[in-house]
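Below is one structure, written out as structure tokens; the observations come after it.
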Amino acid sequence: MLIFSKRSWDNKDIHAGLLEDRKNAALDPNPQPLIGLEAQAEACMGHSVLEELNEITCPTFVLGGEEDVFTPLWMTKEVAAAITNSKLHIYPESGHAFHWENLEDFNERVRDWLESQG
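This is the structure in structure tokens:
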């Protein structure tokens with residue numbers, strides 16, 4: 002639930018949907034085991050490829066959410082700056098789930114960028 006921004010939590014309809022999704026997730030007969038979450042956290046903390054990003058030579062579209070607590074704004078900007086020929090777009094008032102919080106814009110923006118690449 003931390004992947005959503007305050008804007009989403011403050012919207013009554015979205016909040017109700019998030020709570021319903023959470024309730025349904027509790028009924029999942031095959032939830033992600035804790036070891037999976039632990040491995041994700043370990044990979045995030047112990048694995049950095051920032052120094053290798055300059056090796057990317059193809060056009061790259063870096064997107065992020067202004068209020069992302071998992072990939073903070075400074076980190077998203079750092080990634081974009083490390084990749085030559087990258088384009089950066091930050092979604093305001095959006096969290097780690099910026100693509101869900103801005104679904105129509107996200108789909109159109111990514112499609113337009115892909116089409117501009119030929």
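Numbering (the numbering used here), first residue to last: 2 to 119.
Just so you know, even glycine gets a beta-carbon here, dropped at the ideal spot from N, CA and C.
Just verifying my parser: in three-state terms, what is the DSSP assignment at residue i?
i           : result
residue 5   : coil
residue 87  : strand
residue 77  : helix
residue 37  : helix
residue 14  : helix
residue 20  : helix
residue 71  : coil
residue 104 : helix
Can you give the Cα-Cα distance for residue i and residue j, rounded to whole angstroms?
i           : j           : result
residue 75  : residue 90  : 13 Å
residue 23  : residue 94  : 22 Å
residue 30  : residue 37  : 16 Å
residue 57  : residue 105 : 28 Å
residue 53  : residue 13  : 43 Å
residue 19  : residue 28  : 15 Å
residue 100 : residue 34  : 25 Å
residue 86  : residue 21  : 41 Å
If you count every other CB in all the chains shown that lies within 10 Å of the CB of residue i, and 16 or more means buried, which is it?
i           : result
residue 16  : exposed
residue 96  : buried
residue 115 : exposed
residue 123 : Here the chain comprises residues numbered 2 to 119, so residue 123 is not present and cannot be evaluated.
residue 9   : buried
Look up residue i in the DSSP assignment and give the residues it is bridged to.
i          : result
residue 99 : Bridge partners of residue 99: none, in fact.
residue 63 : 89
For residue i versus residue j, is the C-beta spacing smaller than 8 Å?
i          : j           : result
residue 4  : residue 98  : yes
residue 78 : residue 62  : no
residue 68 : residue 117 : no
residue 92 : residue 103 : yes
residue 55 : residue 26  : no
Check whether the Cβ of residue i lies closer than 7 Å to any heavy atom of the ligand ADP, and answer yes or no.
i           : result
residue 107 : The ligand ADP is not among the ligands present in this structure, which contains no ligands whatsoever.
With 8 Å set as the bound, which would you pick, yes or no: does the beta-carbon of residue i sit closer than that to a beta-carbon of chain B?
i          : result
residue 97 : Although the question refers to chain B, the structure presented lacks it and comprises just one protein chain.
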